[in-house]
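For the sequence shown, the positions run -20 to -1, 1 to 415 when mature numbering (1 follows the signal peptide of the UniProt record, and there is no 0) is used.
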Amino acid sequence: MKKSSLVVASLLLLMSVLLAACGGSNADNGNSSSSSSQGGGEGEKAREVTLKLFIPQPRLKDEYDAFIQKFVEKEKAEKNIDVKIQLEMPNADNAPQILKTRLASNDAPDVFTVHAINEIPTFYKAGYLEDLSDQPFVDKLLDSVKESVTIDGKVVGVPMETLMWGYLYNKKIFADLGLTPPTTISEMKETIEILKQNNITPFLLTYKEAWMPQLFVPLTVGALTNSENEDFIDRMYQDNGSFSEMKGMFEIIDLVNANGTDRAMEIGPDEGSAQFAEGKAAMWVNGPWHAETILSADENFEIGVAPLPVNDNPEATMINLSTSTTFVVSPESKNKDVALDFINFILDDEVTNEFYQSLKFNPVAKNHTFESYPWVNDAAEFVKAGKAYQDPSIPQAVKDESGKVLQAYYTGQAKQDDVISSLDKAWKDFNKINK
């Protein structure tokens, strides 16, 4: 009897264990289904990732912060990934050297920005750019823009800024005085005199950061090589040219410097944006990439964009067309899947229009449906008339050097021959490293 009772008790215990096991299994299956559909169930621990971003546009930090937060929320909701963002936003003067140091020391950001025209060839050759050709964003790009981020048949970046630029002008001042953008340097001199007669400073000078005076180089080289000295760039890459051939560029540089605001070496682009919005000067050799900061100072300010005359040949007065800031992915990223999610999110149908509009950038993709800005339409009129050229392919190292030496030229510490020899040397040094 005792033996029989023990057998029954053992059987009952075994059955209860089996039932409990079956019930637990069914519960787990239910949770797994929920996790799959929601990118991770409540009981499933989120994957933690640190994504390093390098974006040298500190003036746009608020806009990038808002966009990045939306990305972080999407990764958590859809993939159960907790993304911690490590954002580095140096100014344009320091950024190139900082980035080079990161790359050389195997501390590459997961996602960083380069200048499409000036830097993609060099970075691609060095093996610093991930091939993004198979990513979903590629089919969204406008064909004309896709070409600027393609090398060896591979798409290597997401373009942010496509530019039509020359110099900015205050449309209200011009309209009040009955002025139109000059088409030659002689006309520019006449415009300057009319402005001065009306107690208006012609040009805003903001040379505190070296990349600002550097802007004269692509504008003058672009104009001169597309109107007379067409093979200059090719010959410079072959060590068979000299900036002495571009000596004409000093005419417009000298004219601007002689008719500009004071304290140029103390004023940076952010303070300059506020001063321009206040009407401190009628013109500013700068691009529309500062539209957001200008309009934040005066939302009703009327920005005009026009080509900068470099001589008395009206055929040389043209708009510069360029793709500049471009997001790329490091092949060495330890979190490449999240990095790829980020660059695809830039052109995500639900957020991309608001994002690009907040930055005051131009449409670059087929899913960009926002209306172009008035200053874009101004510049587009010159482009439609055939008065435009593609941004000259000048090595970034040469541009960096030009900024420093043109600062010295403005302060009287360098002469024209010093500028020419410095630029020639910088290009030759680039050629030695990149042959």
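Just so it is clear, CB atoms sit at the ideal spot from N, CA and C, and this is done for glycine as well.
Nonlocal neighbours in the same chain, by C-beta distance under 7 Å from residue i, ignoring five residues either side
i: Gly3; result: Summary for Gly3: the model assigns pLDDT 42, below 50, so the residue's position carries little reliability; its value from the coordinates is reported in the next sentence. Excluding residues within five positions, none has a Cβ falling inside 7 Å.
i: Ser313; result: Asp90, Ala319
i: His348; result: Thr332, Asn333, Tyr336
i: Leu159; result: Thr171, Ile174
i: Ala96; result: Ser128, Val129, Gly137, Pro139, Thr303, Ser304, Thr306
i: Ser382; result: Gln194, Val197, Leu403
i: Met69; result: Ile35, Pro36, Gln37, Pro38, Lys41
i: Asp211; result: none
Sub-9 Å separation of residue i and residue j beta-carbons
i: Ala207; j: Met298; result: Looking at the sequence provided, one finds Ser at residue 207 rather than Ala. Yes, the Cβ-Cβ distance between Ser207 and Met298 is below 9 Å.
i: Val290; j: Tyr147; result: no
i: Val363; j: Asn342; result: no
i: Arg27; j: His270; result: no
i: Ile323; j: Val91; result: yes
i: Ile213; j: Pro372; result: yes
i: Leu386; j: Phe117; result: no
i: Glu58; j: Thr305; result: no
i: Lys260; j: Thr273; result: no
i: Gly137; j: Ile100; result: yes
i: Lys346; j: Leu121; result: yes
i: Ala360; j: Tyr149; result: no
Own chain, CB closer than 8 Å to residue i, minus 5 neighbours either side, in chain order
i: Leu275; result: Ala257, Phe281, Ile283, Lys340
i: Met168; result: Pro162, Ile232, Leu235, Pro289
i: Phe335; result: Glu43, Phe47, Ile326
i: Lys227; result: Gln396, Ile400
i: Asn209; result: Glu225, Met226
i: Asp398; result: Val385, Ala388, Tyr389
Whole-angstrom distance between residue j and residue i, CA atom to CA atom
i: residue 418; j: Ile172; result: With the chain covering -20 to 415 only, the question about residue 418 has no answer from this structure.
i: Gln308; j: Ile174; result: The question names Gln, but residue 308 is Val in the sequence shown. Approximately 47 Å, taken between the alpha carbons.
i: Leu204; j: Asn60; result: 55 Å
i: Asn350; j: Asp380; result: For the record, residue 350 in the displayed sequence is Phe; it is not Asn. C-alpha separation (whole angstroms): 34 Å.
i: Asp321; j: Lys64; result: 14 Å
i: Ala46; j: Lys126; result: 26 Å
i: Met245; j: Lys41; result: 24 Å
i: Val344; j: Pro139; result: 7 Å
i: Asn293; j: Asn414; result: 35 Å
i: Leu33; j: Met192; result: 24 Å
i: Ser124; j: Gln393; result: 43 Å
i: Lys384; j: Gln77; result: 14 Å
i: Ala296; j: Tyr353; result: 26 Å
i: Lys25; j: Ser338; result: 35 Å
i: Asp358; j: Leu185; result: 23 Å
i: Val201; j: Met229; result: 8 Å
i: Asn315; j: Thr30; result: 8 Å
i: Ala84; j: Ala365; result: 45 Å
i: Ser402; j: Gln194; result: 13 Å
i: Phe223; j: Pro198; result: 12 Å
i: Ala88; j: Phe154; result: 47 Å
i: Lys176; j: Arg215; result: 41 Å
i: Glu251; j: Thr164; result: 30 Å
i: Lys50; j: Asp62; result: 12 Å
i: Arg82; j: Ser166; result: 47 Å
i: Gln66; j: Asp119; result: 29 Å
i: Gln255; j: Glu279; result: 14 Å
i: Arg243; j: Asn237; result: 11 Å
Contacting residues, own chain, Cβ-Cβ under 6 Å from residue i (five flanking each side not counted)
i: Gln370; result: Leu301
i: Phe103; result: Val94, Leu109
i: Asn9; result: Note that Asn9 has pLDDT 36, beneath the 50 cutoff, so the model's placement of it is unreliable and the number below is only indicative. Hits under 6 Å: none found.
Of the listed residues the options, nearest to residue i (C-alpha basis)
i: Ser253; options: Leu157, Gln376, Phe183; result: Phe183
i: Thr391; options: Asn411, Ala190, Ile413; result: Ala190
i: Tyr187; options: Phe154, Ile247, Leu157; result: Ile247
i: Asn86; options: Ala96, Leu67, Ile97, Ala106; result: Ala106
i: Lys151; options: Lys176, Ala84, Met263; result: Met263
i: Thr303; options: Pro311, Asp317, Lys384, Pro268; result: Pro268
i: Gln376; options: Gln49, Asn98, Gln77, Asp317; result: Asn98
i: Ala277; options: Phe154, Leu79, Pro249, Val29; result: Pro249
i: Lys134; options: Leu83, Leu112, Leu31; result: Leu112
i: Ser310; options: Asp62, Asp119, Lys412, Lys80; result: Lys80
i: Gln115; options: Tyr389, Ala360, Asp317; result: Asp317
i: Val378; options: Asn411, Glu361, Lys367, Gly366; result: Asn411
i: Asp156; options: Thr164, Asn178, Lys50; result: Asn178
Closer than 8 Å: residue i CB and nearest the ligand GTP heavy atom
i: Glu99; result: For the structure depicted, the ligand GTP is absent and the ligand set is empty, with no information on it obtainable.
On the three-pair Cβ rule with 8 Å, is the stretch 313 to 333 touching the stretch 41 to 57?
-> yes
Is the number of C-beta pairs between the stretch 121 to 130 and the stretch 68 to 83 that are closer than 8 Å three or more?
-> no
Does the stretch 395 to 408 come within contact of the stretch 216 to 226, defined as at least 3 CB pairs closer than 8 Å?
-> yes
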